[in-house]
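Q: Remember, the working numbering sits 391 above the position in the sequence shown when you count from 1.
We treat Cβ as the ideally placed atom computed from N, Cα and C, and that holds for glycine.
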Amino acid sequence: MSKSLLRVALPVPLPTLFDYLPPKALRAEDCLPGMRVKVPFGRAGKIGVVMQHAGNSEFSVDRLRAAEALIDQQPLLQQEHLAFLQWAAGYYHHPVGEVVSAALPLRLRKQARALPLAETIYRVCIPPEEALAAVSRAPRQRALLQVLLDAPGGRMPDSRLRAFQEGISEPLRRLCDKGLVDAVEGEPQAMPFAPVAPGHVLNEEQQRAVAAVDAELGGFAAFLLEGVTGSGKTEVYLQLSAAVLEQGKSVMILVPEISLTPQLQQRFAERLGGAVSVLHSGMGEAERERAWQRVRLGLNRVVLGTRSLVLNPVADLGLIVVDEEHDTSFKQQDGFRYSARDLAVVRAQRADCPVVLGSATPSLESLRNVQTGRYQHLQLTERAGGAKPPRIDLLDIRDQPLQSGMSEPMLKELARTLQAGEQAMVFLNRRGFAPVLACYSCGWVSDCPRCDAHQTLHRSSNLLWCHHCGSQRRVPQVCPECGAADLHPLGQGTEQIESFLAGRFPDVPLIRVDRDATARKGSLDKLLSQVHESEAALLVGTQMLAKGHHFPRVTLVGVMDADGGLFSADFRATERMAQLLMQVAGRAGRGDRPGRVLIQTRYPEHPLLQTLVQRGYDAFAQAALSERSEAEFPPFAYQALLRAEANRQEPPVAFLQQVVDWIGTLSDAEVQLWGPVPAPMARRIGRFRAHLLIQAAARERLHPVLTQLQQHLAEWKEARKVRWSLDVDPADTY
Ligand SMILES: [Zn+2]
Ligand SMILES: [Zn+2]
């Protein structure tokens, strides 16, 4: 039977593909898998992607409708990539059409035609000496002009110019306005691969790591690259990337945060010759689509990006790197709840290439995969330049008088460090001035009207602000409940530490790094360069401080509070706390001076804290793994979380209870069910929330139940009374 039907993925919340006849005057063979079609669906119609051709449909052919139009002349996604996306949709039990749609840039999810790839080429259009003379007083324009003059023929395509540095738009526009440079349209060009030799030799461990991965290029292998902070993991990535580019293949590098891309991009571009693209949500739509196309077509061979990059098509994939693999931001927390780290491993397997997961504090999941032999373990234990690891001490604050949460020994150490002309960092993972405002007369506290949470006091903006739903109100002068002028902040946030330390050390530059202080674009860079220019300085911040940035002059790190992670209901909380503490500690003493870390705690005898401080992260991780094994928690079991929420309290629990009963009717279901229970934050943004945890000892037992459940929920009327979602391998239970 000839395959005359199109099976199409549509971005709708149903776990199925949709059958259509080809558009009028076209045959199925004209509409290749990976091309977009416009189809009738609902009132406005939808844009979908042809996934495959089919010979028959579960509906009779004369009832099928025809697609309205074929949008693309060439497939946007290759067959292998469609198969990967379909696999991901199946594994995460998420509607396949939404997964396929997530692999396309925003513009292409609509009817828009793909932007032409022909690109703008800039060239110097007057004699070089004249041009240089005209910008003698504008250093940035002059530098850019010099880059153009140094390029062959005094010309360079736009994408290559941008690969070298960010922020060239303004000087480039000025050069054009002055008539020194003009722009012409040209054919898209592949970025040349022009490796530059590294400035220094790799140490023995780095060489061994490079050699181990290099030996596996061309086939699948998974590596955990465990390297202490400052041990030069990036150098390993760079060498491996050069080897992959040498073979004419592409490299995909996933990082947890956009803010880490510029410095990494520059480092890669300098060493690999400008073949680097970035892809992240902070880019404009057109810019993002062009980068997506260039990577898809293999015009750029190195692509750096955040989580969603793992879904994008990349030509001739030869290596995947996941940096900071333990970071929770690799797990999407809404909609299609995939783990980019886990999908990276699957993707490497399907593309027959190695994957390298790098971290100073690997996740317990990855360490478990090392234990079972699924991942090869590569270790970097030496810090660059022979820097010594920092000394870590616990500071018992049970009987200490505290000022803004800070003990006298901590303040003394800060003073000593600053007097020595060195820098210190104070870490507190809570922004704002205080986590709650309270009335001492009647006991009123600043609860969020929509969540089971407090509104945080932000003194600089004079707001009470819920960090969960964003609700805000002005800080009241008197108690809204009893009218007493007796309102007081309770607890500390970074804003308060900043103002306290500013009073205590008035002569020292003080910089706060958190989401509030760096909300404006480019302001983080500005703050960081201030730090680099100073001698003695104080840094105060949240986990933004802990991630990736280099502060060579910091010799003391003070941690305000380590106790939050010790007694949480979430079984992953201790792991997260240990990772964060180690990341923060890694900021101390990276230059030639040894570092010191002080951790304030009320539980200095806590065994996990003791293990971490005395024997390091690896010993902690082994202890934590045996606890998980005994408790039969992941990675020794597999979980899925069914969440439900509604405007009233009863429906979510009632719905989940019905699901429990329904799973009970499945004869072959070998799963454990925990719940339904109200979510830890039982009310959020005005909606009541509950969940049901489904767990099994093996994926092969869990997933068949999830598949049946997904089908059942799609057809079940009761399920429409609540908003539900299924989270496979949940990262937390909020
Ligand atoms: Zn009151
Ligand atoms: Zn709220």
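Within 8 Å, do at least three Cβ pairs link the region 511-521 to the region 470-485?
A: In short, these stretches do not touch, since the Cβ pair count stays below three.
Q: Can you tell me whether S832 sits near ligand 1, meaning its C-beta is under 7 Å from at least one heavy atom of the ligand?
A: At least one heavy atom of ligand 1 is nearer than 7 Å to the Cβ of S832, so yes.
Q: Just grab the DSSP bridge partners of F409 for me.
A: Answer is V399.
Q: In its own chain, which residues sit with a C-beta less than 6 Å from the C-beta of V746, not counting the 5 before and 5 after it?
A: Cβ within range, chain order: A613, I711, A735, V736 and A739.
Q: Helix, strand or coil for K938 per DSSP?
A: Coil, per DSSP.
Q: Taking only heavy atoms of ligand 1 into account, decide whether any of them is closer than 7 Å to the Cβ of A435.
A: Checking the Cβ of A435 against ligand 1 gives no.
Q: Does D1120 pass the burial test, meaning 16 or more other C-beta atoms within 10 Å, or should it be called exposed?
A: By the 10 Å Cβ count, D1120 comes out buried.
Q: Say yes only if the C-beta of H849 is nearer than 7 Å to one or more non-hydrogen atoms of ligand 2, and no if none qualify.
A: No, the beta carbon of H849 sits no closer than 7 Å to any heavy atom of ligand 2.
Q: Comparing C-alpha positions only, which one of P530, M442 and R427 sits nearest to P496?
A: Among P530, M442 and R427, the Cα nearest to that of P496 belongs to R427.
Q: Given that a residue counts as buried once 16 or more other Cβ atoms are within 10 Å of its Cβ, and exposed if not, what is F958?
A: By the 10 Å Cβ count, F958 comes out exposed.
Q: I'd like to confirm something about R841: is its beta-carbon nearer than 7 Å to some heavy atom of ligand 2, or not?
A: Yes, since a heavy atom of ligand 2 falls inside the 7 Å radius drawn around the Cβ of R841.
Q: Pair every Cβ in the region 772-791 with every Cβ in the region 881-895, then say whether three or more of these pairs are closer than 8 Å.
A: No contact exists between the region 772-791 and the region 881-895.
Q: Restricting to Cα atoms, I'd like to know which of Q597, R1039, A660 and L819 is closest to L972.
A: Minimum Cα distance to L972 is reached at L819.
Q: Considering Cα atoms alone, identify which of L805, E596 and S395 is closest to D453.
A: Nearest option by C-alpha distance: S395.
Q: Considering only DSSP beta bridges, list what S668 is partnered with.
A: Answer by DSSP bridge pairing, in chain order: V694.
Q: Going by C-alpha to C-alpha distance, which of G861, L663 and N447 sits closest to V587?
A: Among G861, L663 and N447, the Cα nearest to that of V587 belongs to L663.
Q: With respect to 7 Å, is the separation between the Cβ of A366 and the closest non-hydrogen atom of ligand 1 below this value?
A: Within the shown structure, residues of the chain are numbered from 392 to 1125, placing residue 366 beyond reach of any answer.
Q: Going by the CB atoms, is the gap between A731 and R765 shorter than 8 Å?
A: No; because the gap between Cβ atoms is not below 8 Å, this pair is not in contact.
Q: With DSSP as the reference, please indicate the residues paired to M643 in a beta bridge.
A: Partner(s): V694 and I711.
Q: Keeping to the same chain, check which residues put their C-beta closer than 6 Å to that of A928; ignore five residues upstream and five downstream.
A: Closer than 6 Å at Cβ, skipping near neighbours: Q814, P900 and V922.
Q: For R728 and P486, what's the separation of their Cα atoms in angstroms?
A: Near 11 Å, if we compare the C-alpha coordinates of P486 and R728.
Q: Heavy atom of ligand 3 less than 7 Å from the Cβ of W835, yes or no?
A: Only ligand 1 and ligand 2 can be found as ligands here, which leaves ligand 3 out of the picture.
Q: I512 and R564 - do their beta-carbons sit closer together than 8 Å?
A: It is not a contact, given that the beta carbons lie outside the stated cut-off.
Q: Where do the ends of the beta strand (DSSP E) carrying M816 lie?
A: Start and end: Q814 to F818.
Q: Tell me whether R681 sits in a helix, a strand or coil according to DSSP, three-state version.
A: Helix.
Q: Measuring CB to CB, does L615 end up less than 8 Å from L755?
A: Result no, Cβ atoms of L615 and L755 do not sit closer than 8 Å.
Q: Sort out for me which residues DSSP pairs F547 with in a bridge.
A: Note on residue identity: the sequence assigns Met, not Phe, to residue 547. Looking at the DSSP assignment, M547 forms a beta bridge with Y513.
Q: Which one or two residues does DSSP pair with E617 in a beta bridge?
A: Looking at the DSSP assignment, E617 forms a beta bridge with S750 and Q770.
Q: If you draw a straight line from the alpha carbon of E1109 to that of V1062, how long is it in whole angstroms?
A: Using only the alpha carbons, I get a separation of about 23 Å.
Q: Tell me the rounded alpha-carbon separation between M935 and T885.
A: Distance between the alpha carbons of M935 and T885: 12 Å.
Q: Three or more C-beta pairs closer than 8 Å, one from the region 626-643 and one from the region 702-710: is that the case here?
A: A contact exists between the region 626-643 and the region 702-710.
Q: Express the C-alpha separation of A634 and L468 in angstroms, rounding to a whole number.
A: Using only the alpha carbons, I get a separation of about 26 Å.
Q: Considering only the alpha carbon of each residue, which of C744, Q794, D877 and A1012 lies closest to A606?
A: Selected option, being the one with the closest Cα: C744.
Q: What first and last residue would you give for the beta strand (DSSP E) that runs through S757?
A: Run containing S757: none in the beta strand (DSSP E); it sits in the alpha helix (DSSP H), L755 to Q762.
Q: Within the present structure, is the beta-carbon of E872 separated from the nearest heavy atom of ligand 1 by less than 7 Å?
A: Yes.
Q: Write down the C-beta distance between L1033 and W1115 rounded to the nearest angstrom, noting that I regard them as a contact closer than 8 Å.
A: Confirmed, about 6 Å.
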